[in-house]
Amino acid sequence: MTFDVAILGAGPAGLAAARAAARSGKSIVLIDDNFAPGGQIWRGASQIELPSGVRFYPQTRLFAVDPGFTLHTEPLGTIHTTTLILATGARELFLPFPGWTLPGVFGAGGLQALVKAGADIKGKRVLVAGSGPLLLAVAATLRKRGARIAGIAEQANFGTVVSFLKKYPAKLPQAIALRARLIGVPYMTGVWPTRFEPRQVTLSTGRTLKIDYLACGFGLVPNTEVAQHLGCRLDDGFVAVDSRQRTTVDNVYCAGEPTGIGGLDKALEEGERAGAAATGQPVSRKRSHTGAFVRDLAATFALHHQLYSLAGPETILCRCEQVTHATLAPYREWRDAKLQTRCGMGACQGRICGPIVHHLFGWTATSIRPPLVPVPAASLLTTETPPEPENDRSDNAHPSNP
Amino acid sequence: MTPSPDVVIVGAGIVGAACAYELAQAGARVEVIDQSTPGSGATAAGMGHLVMLDGDELSRLSLDLWHALAKDLPKQAEFWNCGTIWIAANDDELNAAKTKPGVEMLDASQLYQAEPNLRPGLAGGALATRDSVVYAPVVTRWLLEQAKAKITSAGVTAFDTLHAGAVICATGALTPKLLPNLPIKPRKGHLVITDRYPRLVHHQLVELGYLQSAHGDSNESVAFNVQPRPTGQLLIGSSRQYGVETESIDRHMLHRMLRHAFEYLPALRDCNVIRTWTGFRASTPDKLPLIGRLRDHLYLATGHEGLGITTSLGTAKLIAAEILGRTPPIPPEPYRPERFHG
Ligand SMILES: Cc1cc2nc3c(=O)[nH]c(=O)nc-3n(C[C@H](O)[C@H](O)[C@H](O)COP(=O)(O)OP(=O)(O)OC[C@H]3O[C@@H](n4cnc5c(N)ncnc54)[C@H](O)[C@@H]3O)c2cc1C
Ligand SMILES: Cc1cc2nc3c(=O)[nH]c(=O)nc-3n(C[C@H](O)[C@H](O)[C@H](O)COP(=O)(O)OP(=O)(O)OC[C@H]3O[C@@H](n4cnc5c(N)ncnc54)[C@H](O)[C@@H]3O)c2cc1C
Numbered sequence: 001m002t003f004d005v006a007i008l009g010a011g012p013a014g015l016a017a018a019r020a021a022a023r024s025g026k027s028i029v030l031i032d033d034n035f036a037p038g039g040q041i042w043r044g045a046s047q048i049e050l051p052s053g054v055r056f057y058p059q060t061r062l063f064a065v066d067p068g069f070t071l072h073t074e075p076l077g078t079i080h081t082t083t084l085i086l087a088t089g090a091r092e093l094f095l096p097f098p099g100w101t102l103p104g105v106f107g108a109g110g111l112q113a114l115v116k117a118g119a120d121i122k123g124k125r126v127l128v129a130g131s132g133p134l135l136l137a138v139a140a141t142l143r144k145r146g147a148r149i150a151g152i153a154e155q156a157n158f159g160t161v162v163s164f165l166k167k168y169p170a171k172l173p174q175a176i177a178l179r180a181r182l183i184g185v186p187y188m189t190g191v192w193p194t195r196f197e198p199r200q201v202t203l204s205t206g207r208t209l210k211i212d213y214l215a216c217g218f219g220l221v222p223n224t225e226v227a228q229h230l231g232c233r234l235d236d237g238f239v240a241v242d243s244r245q246r247t248t249v250d251n252v253y254c255a256g257e258p259t260g261i262g263g264l265d266k267a268l269e270e271g272e273r274a275g276a277a278a279t280g281q282p283v284s285r286k287r288s289h290t291g292a293f294v295r296d297l298a299a300t301f302a303l304h305h306q307l308y309s310l311a312g313p314e315t316i317l318c319r320c321e322q323v324t325h326a327t328l329a330p331y332r333e334w335r336d337a338k339l340q341t342r343c344g345m346g347a348c349q350g351r352i353c354g355p356i357v358h359h360l361f362g363w364t365a366t367s368i369r370p371p372l373v374p375v376p377a378a379s380l381l382t383t384e385t386p387p388e389p390e391n392d393r394s395d396n397a398h399p400s401n402p
Numbered sequence: 001m002t003p004s005p006d007v008v009i010v011g012a013g014i015v016g017a018a019c020a021y022e023l024a025q026a027g028a029r030v031e032v033i034d035q036s037t038p039g040s041g042a043t044a045a046g047m048g049h050l051v052m053l054d055g056d057e058l059s060r061l062s063l064d065l066w067h068a069l070a071k072d073l074p075k076q077a078e079f080w081n082c083g084t085i086w087i088a089a090n091d092d093e094l095n096a097a098k099t100k101p102g103v104e105m106l107d108a109s110q111l112y113q114a115e116p117n118l119r120p121g122l123a124g125g126a127l128a129t130r131d132s133v134v135y136a137p138v139v140t141r142w143l144l145e146q147a148k149a150k151i152t153s154a155g156v157t158a159f160d161t162l163h164a165g166a167v168i169c170a171t172g173a174l175t176p177k178l179l180p181n182l183p184i185k186p187r188k189g190h191l192v193i194t195d196r197y198p199r200l201v202h203h204q205l206v207e208l209g210y211l212q213s214a215h216g217d218s219n220e221s222v223a224f225n226v227q228p229r230p231t232g233q234l235l236i237g238s239s240r241q242y243g244v245e246t247e248s249i250d251r252h253m254l255h256r257m258l259r260h261a262f263e264y265l266p267a268l269r270d271c272n273v274i275r276t277w278t279g280f281r282a283s284t285p286d287k288l289p290l291i292g293r294l295r296d297h298l299y300l301a302t303g304h305e306g307l308g309i310t311t312s313l314g315t316a317k318l319i320a321a322e323i324l325g326r327t328p329p330i331p332p333e334p335y336r337p338e339r340f341h342g
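Which chain is which? The protein sequence lines are Z and U, in order.
For the first sequence, our numbering gives the first residue as 1, with consecutive numbering after it.
For the second sequence, our numbering gives the first residue as 1, with consecutive numbering after it.
Right, dumping it as structure tokens:
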């Protein structure tokens, strides 16, 4: 199957790119590994309009790309295209502290996704902890679904958060609206969890709280694996793009979180620009989301250095292979540590522990190889053309939960 | 100034590490030089199957040495005496396998009892009970530590500048870059590792046709070779290619190898693959390693093709015997470098 443009990721950036690209009348395919469009933020939203002329394949994972481009996807098979837009979003950053791998501890966004997908959280006491605007959003969702929010522990200082909001008053209404949904919930700043035991969390202040679940999110890590696999240049861990969202690889564009963690508005604006540029349409010169916002956001929620030393010797850093801090600490570089301890060799291939060892030890875990995500062995052989989707576009426009 | 070492070994793969260990046991001060992380060459790419090949004294000796060493190895070395089943697709292969020394013959029903997930219709197999598996990078690091070897991180460009009583070249598939006149060619292999599927496979499974693939000279070949890791993962091999020097996956080879593996073990189709990689074997015309003095005080311990993890321990015994003037434990002639020039 051949398309003029392929867009990877149906979050805000990918959807905006699809909308812009569709105006050109070119053939466009959009693929995403979730069951519905929307990405992280609009996950499970009942109505997401897909522009006409866009073929959408949900629950489709890209695991390799050949130059030119041939996309190898699971379970669809191969897709050919000349132009590629990467809108692969971000994942949560986990930081290890004693107890972080016990049942009862969740990623903040992960718990939000579970609840949106129908998991029952009624009456459960939850502490939402970590850093960044995401914490408020997660707490609001959980509360709406019946959770009792024991508090929000933001590691950044109150002063920094306030000056950030003063500098970006446009974000204020959003913050106020979220806060309004969280009346009565204590918002603690300069505080983080230091230990979790079943039904109890200890905070950096020394205080303990009785809770059922701890939802942690220490920030976002850009999903740059596909870009790296294609050979796109990264600057400081983010995909380098020009003012038309072009990466350093011809005909590969990138939009949203992989170019810098900046949230919804930036994702939408970059998606629009990438979709237009990739289809030869004029690209708006107006850029409201500049590098400055991305930098200010990062600076405001920069992690306190003490967060990197919460793990005890026996705390696990690599979940897949159960590798502890004490096991890894003697090594000086990632390759050696990986070969000797199996850290990063498990099913996640370093997606979770890579950022952890980067923050704790300064190692850069780079070795991207296909398959980019685990796929059944038989899928590695698929070369046949994917079948037409069962639903046509009008059905896709109303992704309803099964 | 520190005194110069008695022995300098170039290459900290499993072969160099085993030589360091053996010579240190004999009292030598050893320095090992590698341009990259110890154990990160072919040693990190290989399957770690400890396998005895018919008529090869070096692999027999080495397997004895592995069994003796096993009790001292750290747990992370993952030594596991799982045995090999050589699989006979038809009666001809089964009859031929009967001449293998030291194996227990399995008829078809015994084969399926041992490995119920193999495809139906196979004739039987030969079980080599002493064959084992190991995780080679950890063994390499452990051998270097036991040897108290000085490890120097540097690329070597010439041997004459190295000062020691003996210099050992253990540079594996990169040897031709240093000694272009030796008959060594890199031979590329692909491997695939799955997520954890304990109990799907119990022994290392190799088709009897493997030996044709390994010892033949065709430019490209594949063979069914699946290993259960102690972690419950499955390691899927094997492929052989001459004339390709890029590390990237050659999809046609990967496809051929997997398709062939699915024929023997259909359940593999549904196993999630988490990673694929390639590595280079140092291949000689007769597929046997080059072990022994090349000239002056320069010794070779290289050219181990697809068996160097197994034969590293035996190689070290031969090298040490030659350097120290001791009686070698097996006849060294089949492995001597001069067999190719004279
Ligand atoms: C777990 C989590 C929860 C969040 N919750 C909120 C929230 O409640 N409120 C808020 O304001 N912001 C939230 N954010 C931040 C929000 O995601 C971003 O601000 C914004 O959505 C960025 O849009 P995007 O299109 O760049 O990325 P995303 O929305 O992340 O979309 C990227 C899409 O690409 C898909 N994808 C990636 N790789 C592949 C592949 N190889 N094959 C197929 N598909 C692929 C992903 O599954 C995803 O659907 C959350 C972020 C995360 C990581
Ligand atoms: C796909 C595959 C599967 C295999 N499966 C098995 C198996 O199941 N069982 C088995 O027994 N064997 C197997 N092998 C073979 C085995 O891996 C090798 O024979 C063995 O690892 C060789 O060890 P080595 O120390 O000679 O080489 P290497 O591990 O490659 O070590 C050589 C070292 O020398 C260094 N070096 C090279 N040149 C220089 C220089 N100029 N200066 C400084 N340092 C240098 C390199 O950095 C490297 O670390 C397999 C091989 C492959 C490729």
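Glycine included, every Cβ here is placed at the ideal spot set by N, Cα and C.
When only Cα atoms are considered, Leu144(U) and Gly109(Z) end up about 45 Å apart.
For Tyr264(U), there is no enclosing beta strand (DSSP E); the residue is part of the alpha helix (DSSP H) that begins and ends at Arg251 to Tyr264. Closest in alpha carbon position to Arg335(Z), among Ala365(Z), Arg319(Z) and Pro355(Z), is Ala365(Z).
Taking each of Pro370(Z), Glu272(Z), Thr81(Z) and Ala17(Z) in turn and checking the Cα distance to Lys286(Z), the smallest one comes out for Glu272(Z).
From the beta-carbon of Arg335(Z), the residues of chain U found nearer than 7 Å are Thr37 and Ser40.
Distance between Arg195(Z) and Gln40(Z), taken at the CA atoms: about 28 Å. Taking C-alpha positions only, Leu127(U) is separated from His341(U) by approximately 38 Å. In this structure, the CA atom of Lys338(Z) is about 35 Å from the CA atom of Pro337(U). Rounded to whole angstroms, the separation of the alpha carbons of Glu225(Z) and His72(Z) is 15 Å.
For the options Leu288(U), Met52(U) and Gly124(U), the alpha carbon positioned closest to that of Gly216(U) is the one of Leu288(U). For Met52(U), the shortest C-beta to heavy atom distance toward ligand 2 is 7 Å or greater.
A distance below 6 Å between beta-carbons, with the five flanking residues on each side excluded, links Ala316(U) to the following residues of its chain, in chain order: Ala18, Cys19 and Glu22.
The C-beta of Phe63(Z) has 16 or more other C-beta atoms within 10 Å across all chains shown, which makes the residue buried. Taken in chain order, the unbroken stretches of alpha helix (DSSP H) that lie wholly in the stretch 1-45 of chain U and span 4 residues or more are 14-25 and 42-45.
Under the DSSP definition of a beta bridge, Asn225(U) partners with Val206(U) and Gly237(U).
At a cut-off of 8 Å, the C-beta of Arg179(Z) has no neighbouring C-beta in chain U.
Buried is the label assigned to Leu310(Z), since at least 16 other Cβ atoms lie within 10 Å of its Cβ. With contacts defined by Cβ atoms closer than 8 Å, Val226(U) and Leu234(U) form a contacting pair.
Looking at Leu136(Z), Ala6(Z) and Ala147(Z), the one whose alpha-carbon comes closest to that of Leu84(Z) is Ala6(Z). In this chain, the beta strand (DSSP E) harbouring Asp66(Z) covers Arg61 to Asp66.
If you ignore the 5 residues before and after Ala301(U), its C-beta comes within less than 6 Å of the C-beta of Val15, Cys19, Ile168, Ala170, Ile291, Thr315 and Ile319, all in its own chain and listed in chain order.
The C-beta of Ile176(Z) has fewer than 16 other C-beta atoms within 10 Å across all chains shown, which makes the residue exposed.
Of the other Cβ atoms in all chains shown, 16 or more fall within 10 Å of the Cβ of Val139(U); this residue is therefore buried. Secondary structure of Leu300(U) (DSSP, three-state): strand. Closest option to Tyr253(Z), judged by alpha-carbon separation, among Ala119(Z), Gly260(Z), Ile261(Z) and Val241(Z): Val241(Z). Residue side-chain check: Phe159(U) keeps its Cβ at 7 Å or more from all non-hydrogen atoms of ligand 2.
Along the stretch 268-301 of chain U, the positions whose C-beta sits under 8 Å from a C-beta of chain Z are Leu268, Arg269, Asp270, Cys271, Asn272, Val273, Ile274, Arg275, Thr276 and Trp277, read in chain order.
Interface criterion not met: the Cβ of Arg326(U) is under 8 Å from no Cβ in chain Z. At least one heavy atom of ligand 2 lies closer than 7 Å to the C-beta of Asp34(U). Taking C-alpha positions only, Pro180(U) is separated from Leu211(U) by approximately 28 Å.
In terms of side-chain proximity, the C-beta atom of Ala42(U) is found nearer than 7 Å to a non-hydrogen atom of ligand 2.
Nearest Cα to Pro51(Z) within the set Pro313(Z), Gly354(Z) and Ala18(Z): Ala18(Z).
Placement of the Cβ of Leu191(U) at a distance of less than 7 Å from at least one heavy atom of ligand 2 is found. Of the candidates Pro313(Z), His359(Z), Gly68(Z) and Thr341(Z), the residue whose Cα lies closest to the Cα of Gln306(Z) is His359(Z). Under the Cβ criterion of 8 Å, Asp195(U) is counted among the residues facing chain Z. Three or more pairs of CB atoms, one per stretch, sit closer than 8 Å, so the stretch 314-330 of chain Z contacts the stretch 340-358 of chain Z.
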